[in-house]
Amino acid sequence: MSVFLYNTMSRSVEPFKPISDEHVTMYCCGPTVYNYAHIGNLRTYIFEDVLKRTLLHAGYKVKHVMNITDVGHLTGDGDDGEDKMEKSARESGKSVWDIACFYTEAFFKDFDALHNIRPDIICKATDHISDMIALIKRLEVGGHTYIAGGNVYFSIDTFPDYGKLARLDLNELRSGARIDVDDNKRNPKDFVLWFTNSKFGEQAMMWDSPWGRGYPGWHVECSAMSMKYLGEHFDIHCGGIDAIPVHHTNEIAQSEAATGHTWVNYWLHGEFLLNDTGKMSKSSGEFLTLPVIIGKGYEPVDYRYFILGGHYRSQLRFSWQALDTARTSRKNLFDRIASLKAETAPASELGAVASKWAALFDEHLFNDLNAPRGLADLWGVLKDDAVPAAEKLAAAYGMDAVLGFGLETVRARKQEDELVDDPQALALVEQRAVAKKARDFKLADEIRAKLDTLGYIVKDTPTGTTLVKKM
RNA sequence: GGUGCCGUACCCAAGCGGUAAGGGACAGGUCUGCAAAACCUCUAUGCAUCGGUUCGAUUCCGAUCGGCACCUCCA
């Protein structure tokens with residue numbers, strides 16, 4: 009069965025066909041490590057992870073590359089913005105290198121906690137300056153650059169297809185009111201490839217180059233690194249939807265101007281996570297990070313479940329109520345898995361009915377990553393009486409390879425009880441059993457209340473009383 | 001000014017031409033001294049409004065109303 013993906017370039021769902029039979033080549037824009045990632049940023053990485061897992065599930069080998077932007081990402085367009093890394097360093101009194109290191113570590117802590125599979129190659133911009141310089145030289149030889157005010161610019165007028173991804177109408181843009189006027193630029197949409205001077209003074213990060221000592225522009229890093237690791241023509245490039253009009257548009261211009269041919273076949277973009285006021289950002293509203301959510305008693309997978317409940321190409325509005333719902337659902341899901349595990353081992357093969365569910369799941373995920381449908385299929389097989397327990401478990405594990413909840417690591421239910429080894433609590437359970445037998449329900453209820461304050465929930469089942477630790 | 005998206009039950013959210021997935025919540029049931037837990041069952045003749053196309057529209061087209069994002073650093 010083939011995989012279908014929505015390609016931003018064509019604005020339509022297309023059958024996915026990789027360039028090489030060997031493996032799928034995929035590049036994802038990574039974080040700029042000047043601050044913590046908020047949960048909206050994290051949504052995009054979950055989407056990319058589901059994409060990667062779906063391709064793996066479909067039988068492809070995937071070569072996944074992600075960058076770490078630790079230099080060159082400005083706070084503003086043109087050559088008048090301050091470097092985000094430098095700004096953060098100045099404000100915190102640390103070195104830019106320390107800042108990058110600290111936030112990179114924090115980023116991957118979140119990344120891993122959400123069960124995202126790590127990219128095969130993680131590349132830092134500062135380790136690839138020579139590759140960027142080589143690319144800029146190539147553009148220079150091709151006549152796509154000019155120097156003004158000490159900086160090297162890319163001239164978009166030398167690239168006729170400029171703006172094709174975003175379907176920009178350059179005439180409209182030129183007359184628009186929101187374009188900064190920059191006297192150095194021949195065209196307002198031209199952008200810097202290499203900076204040698206900044207009005208914010210000396211940068212800590214500077215390298216020698218044919219154009220003088222300086223540092224690279226933001227867009228050039230992704231072009232240089234992706235081509236280094238994936239070749240000059242690769243399959244998939246993803247990122248957030250906001251990257252379409254500027255970052256990815258400029259990447260395409262540089263890359264295709266340099267090579268003279270198509271650079272990427274499929275462009276996939278994740279939609280935004282919104283909050284009450286609109287777009288989630290670092291400057292407005294509560295700055296929500298994964299640690300904040302964990303601090304309020306949620307598991308990282310609760311957030312993953314919440315995200316998978318919506319389609320990656322739809323805006324999703326975050327609310328605590330929605331996260332509560334996701335957490336309850338996820339707990340219920342894990343409870344079912346725990347019960348099944350206590351009962352049986354996963355089947356080695358699926359019967360006809362379970363196979364039908366598995367096929368349905370594949371069909372939905374292979375159709376532009378319909379994770380909400382996939383989730384419904386997971387519930388479907390778990391609730392289908394026609395499917396034996398062992399097959400339910402096996403089918404659930406199969407689907408989880410894509411959904412990534414980590415169902416195989418869920419503890420079997422019976423082991424829950426064994427966790428309680430508090431002698432005081434166990435003694436109280438004994439006392440309550442005696443009281444119940446004597447029909448002294450008042451005492452029994454008092455003991456139950458006491459256990460509650462100790463942090464245990466009493467469950468009376470047909471086979472006896474058990475204790476469960478409160479979550 | 002330009003570009004794109006969305007309005008589906010109490011909430012979240014799929015479906016996008018053939019008669020409404022799933023989850024949560026609520027309610028009922030089994031069990032139980034009661035409760036919790038668990039399990040089962042149930043919840044939209046209707047998908048913002050009004051027109052149009054069609055044998056047939058939530059799905060296509062047009063208009064209207066109401067949200068949102070992007071064109072500026074942003075995932």
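The first sequence maps to residues 9 to 479 in the numbering used here.
Cβ coordinates follow ideal geometry from the N, Cα and C atoms, glycine included.
Computed from a prediction, not measured in an experiment: that's the story for all the values here.
Query, Result
"What residue range does the beta strand (DSSP E) around residue 71 cover?", "70-76"
"Going by DSSP, which residues form a beta bridge with residue 20?", "15"
"Please list the terminal residues of the continuous beta strand (DSSP E) segment that includes residue 505.", "The question about residue 505 has no answer here: the residues shown for the chain are numbered 9 through 479."
"Put residue 126 into one of helix, strand or coil per three-state DSSP.", "coil"
"With DSSP collapsed to three states, give me the class of residue 390.", "helix"
"Could you check the C-alpha separation between residue 399 and residue 203 for me, to the nearest Å?", "60 Å"
"Does the distance from the C-beta atom of residue 382 to that of residue 390 stay below 8 Å?", "no"
"DSSP on residue 218, reduced to helix/strand/coil?", "coil"
"How long is the line joining the alpha carbons of residue 13 and residue 158, rounded to whole angstroms?", "43 Å"
"Compare the beta carbon distance of residue 201 and residue 144 with 8 Å and say whether it is the shorter of the two.", "yes"
"Taking DSSP as the reference, what is the three-state secondary structure of residue 298?", "helix"
"Out of 99, 432, 222, which one is the CA nearest neighbour of residue 461?", "432"
"CA-CA distance, residue 284 and residue 331?", "14 Å"
"Measure the alpha-carbon distance for residue 239 versus residue 268 and round it to whole angstroms.", "14 Å"
"Have a look at residue 60 and residue 70 and give me their C-alpha separation to the nearest angstrom.", "7 Å"
"Measure the alpha-carbon distance for residue 309 versus residue 356 and round it to whole angstroms.", "27 Å"
"Between the alpha carbons of residue 363 and residue 276, how many angstroms are there, rounded?", "30 Å"
"So, for residue 328: in the same chain, excluding its five sequence neighbours on each side, which residues have a beta-carbon less than 6 Å away from its beta-carbon?", "none"
"Quick check on residue 305: buried or exposed, where buried means 16 or more other Cβ atoms within 10 Å of its Cβ?", "exposed"
"Taking the C-alpha atoms as reference points, what is the distance between residue 451 and residue 473?", "16 Å"
"Does DSSP classify residue 10 as helix, strand or coil?", "coil"
"Taking the beta strand (DSSP E) that residue 200 falls in, what are its first and last residues?", "199-203"
"Would the beta-carbon of residue 430 fall within 8 Å of that of residue 21?", "no"
"By Cβ distance below 8 Å, which residues in the same chain neighbour residue 116 in space, the five residues on each side in sequence not counted?", "126"
"Would you tell me roughly how many angstroms separate the C-alpha atoms of residue 476 and residue 466, rounded to the nearest one?", "7 Å"
"Going straight from the alpha carbon of residue 185 to that of residue 321, what length do you get?", "Caution is warranted here: a pLDDT of 44 is assigned to residue 185, below 50, making its placement in the model unreliable, and the coordinate value is therefore given only provisionally. Answer to the nearest angstrom: the Cα atoms are 29 Å apart."
"Name the DSSP bridge partner or partners of residue 466?", "475"
"Alpha carbon to alpha carbon, what distance is there between residue 404 and residue 336?", "18 Å"
"So, under 8 Å CB-CB, residue 234 and residue 35 are touching, yes? Tell me the CB distance rounded to an integer number of Å.", "4 Å"
"Among residues of its own chain, excluding the 5 on either side of residue 129, which ones have a beta-carbon nearer than 7 Å to its beta-carbon?", "73, 237"
"Give the DSSP bridge partners of residue 325, in chain order.", "282"
"Excluding the 5 residues flanking residue 114 on each side, which residues of the same chain have their C-beta closer than 7 Å to its C-beta?", "44"
"Counting C-beta neighbours from all protein chains within 10 Å, is the total for residue 287 16 or more, i.e. buried, or is it exposed?", "exposed"
"Can you have a look at residue 469 and say buried or exposed, based on whether 16 or more other CB atoms are within 10 angstroms of its CB?", "exposed"
"List the whole-angstrom C-beta distance separating residue 192 from residue 227, where the pair is believed to meet the contact cut-off of C-beta under 8 Å.", "At roughly 17 Å, the Cβ-Cβ gap does not stay under 8 Å, so residue 192 and residue 227 are not in contact."
"Given a threshold of 16 other Cβ atoms within 10 Å of its Cβ, counted over all protein chains shown, does residue 23 qualify as buried or as exposed?", "exposed"
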